[in-house]
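Visitor:
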Amino acid sequence: MTAAEERATTRRKDRAGVEDRWHRKPRPDETDADWCTDAKHGKPGTLVCTSRHNSGRRWLARWVHNNNEETASFVRKADAEAKANEVRAEFHIGTYVDKQSSSATFGTVAEEWFAAVCPKWKQSTAAGYRSLLDMTILPRWRDVKLSDITHADVQEWVAWLTTNKDARQPRSKNADTNAKRKPLSARRAVQAHGRLSQVLDFAVRTKRLAANPAKGVELPRVVSKRDRALSHDEVAALVAAADEGFGPILLTLGYTGMRFGELAALRVADVNLTRRRIHVAKGVAQVTGAGLVEDTTKTSQERMVPILTTALADTLRDVMAGRAGDDYLFPGPDGGPMTNDYVAWRVDKACRATGLTDVTPKTFRHTAGSLALAEGASVTVVQRMLGHKDPMTTLRVYSHMLPDDFDNLAAAMDKATTVA
Numbered sequence: 001m002t003a004a005e006e007r008a009t010t011r012r013k014d015r016a017g018v019e020d021r022w023h024r025k026p027r028p029d030e031t032d033a034d035w036c037t038d039a040k041h042g043k044p045g046t047l048v049c050t051s052r053h054n055s056g057r058r059w060l061a062r063w064v065h066n067n068n069e070e071t072a073s074f075v076r077k078a079d080a081e082a083k084a085n086e087v088r089a090e091f092h093i094g095t096y097v098d099k100q101s102s103s104a105t106f107g108t109v110a111e112e113w114f115a116a117v118c119p120k121w122k123q124s125t126a127a128g129y130r131s132l133l134d135m136t137i138l139p140r141w142r143d144v145k146l147s148d149i150t151h152a153d154v155q156e157w158v159a160w161l162t163t164n165k166d167a168r169q170p171r172s173k174n175a176d177t178n179a180k181r182k183p184l185s186a187r188r189a190v191q192a193h194g195r196l197s198q199v200l201d202f203a204v205r206t207k208r209l210a211a212n213p214a215k216g217v218e219l220p221r222v223v224s225k226r227d228r229a230l231s232h233d234e235v236a237a238l239v240a241a242a243d244e245g246f247g248p249i250l251l252t253l254g255y256t257g258m259r260f261g262e263l264a265a266l267r268v269a270d271v272n273l274t275r276r277r278i279h280v281a282k283g284v285a286q287v288t289g290a291g292l293v294e295d296t297t298k299t300s301q302e303r304m305v306p307i308l309t310t311a312l313a314d315t316l317r318d319v320m321a322g323r324a325g326d327d328y329l330f331p332g333p334d335g336g337p338m339t340n341d342y343v344a345w346r347v348d349k350a351c352r353a354t355g356l357t358d359v360t361p362k363t364f365r366h367t368a369g370s371l372a373l374a375e376g377a378s379v380t381v382v383q384r385m386l387g388h389k390d391p392m393t394t395l396r397v398y399s400h401m402l403p404d405d406f407d408n409l410a411a412a413m414d415k416a417t418t419v420a
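1 is the number of the first residue of the sequence shown in the UniProt record's numbering; add one for each residue after it.
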């Protein structure tokens, strides 16, 4: 076995040090040697010249990590020692990344990340992330080495996403359509940065980057548009104006607050009219390349939604009459689950008939939460009804409802102090 083969099969400890490339120490009893006589290099007659004497940089920082050896040469010994100390510190705190690992391309690591985390996602979530990677992130970063990605580059890219129409990949072969493309919205740019950062975090965890260059990037400000909430009268008007058989769908959306996909997945057996409860356990989503996919709810949690009004209970009783328990409660035209477009088109039609604007299927979910709060429901009750993961989500979405609570509290306190 050669010396090189022995080194390849022998596990070497992680270490770092500094070597003098121009000189070596004399061997014991060595007299016949090429002694260095340059006083600038050290005490004359104490150092033996090597074949590199006075050629190239004198000082070499050398380190071994995971049996891989790397070097860096320096003119000054102090600089070489500083490099060795830096590497030792990175060994100690676990942030060292060798050149071979950091030379991997972003695209390679992104595919590893996606394969590692995809199994825990819903199919609809995975499809959305896949689209974001393919259409927005990989066109810019696929072939870039991890070691070449800088904070400044990421900052420039995020700004470019919201200012350049080329950030939106062409989806049509029509030149006129492509010419009308617009830059990405602030929200979409923030999402793209988030996925990029997740891939780079994965690279850090797998020891291919010492730090995530996407951290701390200034992101565009996302202006949240307050969702519209309908009044009881407006809900009633839309229900009355809806196509035949479609009013019950709007009434159920408006007074349960279910997500559209949850409503589309409901079976007749999920409705318990005796207890006035609806069991929400599934959701339907449109997935690119797979069509309609039925899965767990958005938060992967089942819940019981109350049937709050007698009118809704009576309506559901009529809808369920004579039907099998495994039938979809509100089937689409083919007997399967409804699609969002199927409902949205009929919502638009009812809006035109009533003169209402800015109403979508999601409006009814926000309406249910707003009406419940207006009637005195607590934030916790509304959270459970809507299926939010925590009360903070409910507070954030419905914070505009709180001033009314403050007014009611002020009136009560004023009355109490006046009596006192």
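Glycine is no exception: its CB is placed at the ideal position from the N, C-alpha and C atoms.
Taking DSSP's pairing of strands, which residues face W59 in a bridge?
Guide: DSSP lists D20 and F74 as partners of W59.
Visitor: Would P331 and V343 qualify as a contact pair, given that the criterion is a beta-carbon distance under 8 Å?
Guide: For P331 and V343, no; Cβs fall outside 8 Å.
Visitor: May I ask you to list the residues that DSSP assigns as paired with Y328?
Guide: DSSP lists R267 as partners of Y328.
Visitor: Please report the distance separating the alpha-carbon of T150 from that of K77.
Guide: Going by the C-alpha atoms only, they are around 29 Å apart.
Visitor: To which residues of the same chain is P213 closer than 7 Å at the C-beta, ignoring the five residues directly before and after it?
Guide: The residues are I149, T150, H151, V154 and L200.
Visitor: Would you report the Cα separation of N68 and K215, rounded to the nearest angstrom?
Guide: Going from the Cα of N68 to the Cα of K215 covers about 29 Å.
Visitor: Put K122 into one of helix, strand or coil per three-state DSSP.
Guide: K122: coil per DSSP, three-state reduction.
Visitor: Kindly list the residues whose CB is nearer than 8 Å to the CB of D414, restricted to its own chain and excluding five residues on each side of it in sequence; keep chain order.
Guide: Hits under 8 Å: none found.
Visitor: How about W35 and V18: are their beta carbons less than 8 Å apart?
Guide: Contact flag unset, no.
Visitor: Could you give the residue range of the alpha helix (DSSP H) that holds H279?
Guide: Segment R277 to V280 is the beta strand (DSSP E) holding H279; no alpha helix (DSSP H) there.
Visitor: Answer yes or no: do L253 and R365 have a C-beta to C-beta separation smaller than 8 Å?
Guide: Closer than 8 Å, so yes.
Visitor: Under DSSP, the alpha helix (DSSP H) around V204 begins and ends at which residues?
Guide: Residues A186 to R205.
Visitor: Please specify which runs of the alpha helix (DSSP H), each continuous and at least 4 residues long, are wholly inside the region 330-355, giving them in chain order.
Guide: DSSP runs (the alpha helix (DSSP H)) wholly in the region 330-355: 340-354.
Visitor: Which runs of the beta strand (DSSP E), 3 residues or longer, sit entirely within the region 362-392?
Guide: Listed in chain order, there is nothing to give.
Visitor: Starting from G289, follow the beta strand (DSSP E) in both directions and report where the run begins and ends.
Guide: Segment: none, G289 is in no beta strand (DSSP E) and carries neither H nor E.
Visitor: Should G325 and V268 be called a contact, given that it needs their Cβ atoms to be closer than 8 Å?
Guide: Closer than 8 Å, so yes.
Visitor: Please work out which residues of its chain come closer than 6 Å, Cβ to Cβ, to S73, disregarding the five sequence neighbours upstream and downstream, and give them in chain order.
Guide: R57 and L60.
Visitor: Just to confirm before moving on: does the CB-CB distance between T136 and A192 stay below 8 Å?
Guide: Cβ distance < 8 Å, so T136 and A192 count as in contact.
Visitor: Under a Cβ-count criterion, where at least 16 other Cβ atoms within 10 Å of its own Cβ denotes burial, should M392 be classed as buried or exposed?
Guide: Exposed, since its Cβ has fewer than 16 Cβ neighbours within 10 Å.
Visitor: For a quick check, are the C-beta atoms of L238 and T339 less than 8 Å apart?
Guide: No, Cβ-Cβ distance for L238 and T339 is not below 8 Å.
Visitor: Rounded to whole angstroms, what's the CA-CA distance from M304 to I278? Just pull it up for me.
Guide: One C-alpha to the other measures close to 6 Å.
Visitor: Measuring alpha carbon to alpha carbon, tell me which of D270, T162, R181 and T108 ends up nearest P170.
Guide: Considering only alpha carbons, the answer is R181.
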